[in-house]
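Taken in order, these protein sequences are the chains called X and R.
Numbering follows my numbering, with no gaps: position 31 of the first sequence is 31.
Adding 1000 to a residue's 1-based position in the second sequence gives its number in my numbering.
Ideal Cβ positions, reconstructed from N, Cα and C, are used throughout, including at glycine.
All figures in this text were calculated on a predicted structure; none of them were measured in a lab.
There are 2 protein chains.
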Amino acid sequence: MKQKIPKPGSAVRGSTTGRPIMALLDLVGRRWVLRILWELRGAPLTFRGLQEACGGISPSVLNQRLSDLREAALLDLVDDGYTPTPLGRELLAQFTPLTIWAEKWAKAVR
Amino acid sequence: MKQKIPKPGSAVRGSTTGRPIMALLDLVGRRWVLRILWELRGAPLTFRGLQEACGGISPSVLNQRLSDLREAALLDLVDDGYTPTPLGRELLAQFTPLTIWAEKWAKAVR
DNA sequence: GTTGATCGCTACGAAAACCGTAGCATTGGA
DNA sequence: TCCAATGCTACGGTTTTCGTAGCGATCAAC
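This is how it looks when you write it as structure tokens:
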């Protein structure tokens, strides 16, 4: 477990400038990160609820990601499960319109 | 090299539904995918130009990603280097505002 | 016509990331 | 006390990524 999670202001994989966008690109370039956020766009989910929602992600990676996302201030664990912080919800909002682009993409590559 | 690149309409890692958004989440969840697109947002770049721009990405992975992105109809290799397709440029446009969010994020986690 | 510089790209062994399965400790209700 | 559900950890095996070296092609200069 040698991973150091990307945060703005410090060097990340592939960039030493500390530019926030580079930290973001590194963060979302990890498997499951966006998917986890995505599955939490509606109601909060428990650890095991997330496992199912993500199609059987292994608990070790899920736990790693949840720690990462909490440390990055994008997720919180509250009474009824994991849920995005306001900041995380803002990021999520930026990704929501991608469903529409993805549909278009689907038509193009078909 | 057992990777099968995610495309809308077929099963991807973590989802068997074929929903386009799932293919997208799988695609961008691979290392370097977004970064490569990002570095091509301005002028086209050659293979080696991309290598440098991405801070020394190994050529094997770069080549893998370039093939993936070309097969996904997001990238093209033209005379003066790799450049996004119109579709890829559209996707890129959705990610551009993330710089602003990332700045906000930087302030929040600091 | 050979040398040198660049191009896109490949081979391959090592390291890192990820996975699947099993199970632990805790909590709360029956 | 027993049962179910919670968050999470351990650990060995597989997949993905990395780092270095180098190949074949192209083109310009000498």
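Mind pulling the chain R residues with CB within less than 8 angstroms of residue i?
{"i": "X/T99", "result": "P1020 and I1021"}
{"i": "X/V33", "result": "G1029"}
Here's the rule I'm using: 16 or more other beta-carbon atoms within 10 Å means buried, otherwise exposed. How should residue i be labelled?
{"i": "R/L1077", "result": "exposed"}
{"i": "X/I126", "result": "The first residue shown for chain X is 1 and the last is 110, placing residue 126 of chain X beyond what the model contains."}
{"i": "X/G42", "result": "exposed"}
{"i": "X/A93", "result": "exposed"}
{"i": "X/I36", "result": "buried"}
{"i": "R/R1048", "result": "exposed"}
{"i": "R/K1107", "result": "exposed"}
{"i": "X/P97", "result": "exposed"}
{"i": "X/P59", "result": "exposed"}
Restricting to Cα atoms, I'd like to know which of the options is closest to residue i.
{"i": "R/Q1003", "options": "R/D1026, R/R1089, R/T1046 and R/S1058", "result": "R/D1026"}
{"i": "R/L1069", "options": "R/L1040, R/A1108 and R/S1015", "result": "R/L1040"}
{"i": "R/D1080", "options": "R/T1046, R/L1066 and R/A1053", "result": "R/T1046"}
{"i": "X/E71", "options": "R/R1110, R/S1010, R/R1013 and R/L1050", "result": "R/R1110"}
{"i": "X/I57", "options": "X/R31, X/A73 and X/S67", "result": "X/R31"}
{"i": "R/K1104", "options": "X/G14, X/T83 and X/L24", "result": "X/L24"}
{"i": "X/R65", "options": "X/G29, X/L98, X/F95 and X/E90", "result": "X/G29"}
{"i": "R/G1088", "options": "R/G1055, R/A1073, R/G1009 and R/T1017", "result": "R/A1073"}
{"i": "X/P84", "options": "X/T99, X/T17 and X/L50", "result": "X/L50"}
{"i": "R/L1075", "options": "R/L1034, R/R1019, R/T1017 and R/P1059", "result": "R/L1034"}
{"i": "X/P86", "options": "R/S1060, R/W1101, R/E1090 and R/Y1082", "result": "R/W1101"}
{"i": "X/G14", "options": "R/F1095, R/T1099, R/V1061 and R/Y1082", "result": "R/V1061"}
Check the Cβ-Cβ distances between residue i and every residue of chain X, and say whether any is below 8 angstroms.
{"i": "R/P1084", "result": "no"}
{"i": "R/V1028", "result": "yes"}
{"i": "R/Q1003", "result": "no"}
{"i": "R/L1066", "result": "no"}
For a contact meaning CB atoms closer than 9 angstroms, what does residue i contact in chain X?
{"i": "R/G1009", "result": "A106, V109 and R110"}
{"i": "R/A1072", "result": "W105 and V109"}
My output table needs one value for residue i: the three-state DSSP class, helix, strand or coil.
{"i": "X/D26", "result": "helix"}
{"i": "R/D1068", "result": "helix"}
{"i": "X/E46", "result": "The sequence as given places Thr at residue 46 of chain X; Glu does not occur at that position. Reduced to three states, the DSSP call for X/T46 is coil."}
{"i": "X/G88", "result": "helix"}
{"i": "X/L77", "result": "strand"}
{"i": "X/S15", "result": "strand"}
{"i": "R/T1099", "result": "helix"}
Can you list the residues of chain X that residue i reaches, using a CB-CB cut of under 8 angstroms?
{"i": "R/G1055", "result": "G14, S15 and T16"}
{"i": "R/L1087", "result": "K104, W105 and A108"}
Between residue i and chain R, is the shortest Cβ-Cβ distance under 8 angstroms, so that the two count as touching?
{"i": "X/Q94", "result": "yes"}
{"i": "X/E90", "result": "yes"}
{"i": "X/L50", "result": "no"}
Would you mind telling me which residues of chain X sit closer than 7 angstroms to residue i, beta carbon to beta carbon, in chain order?
{"i": "R/L1025", "result": "L34, R35 and W38"}
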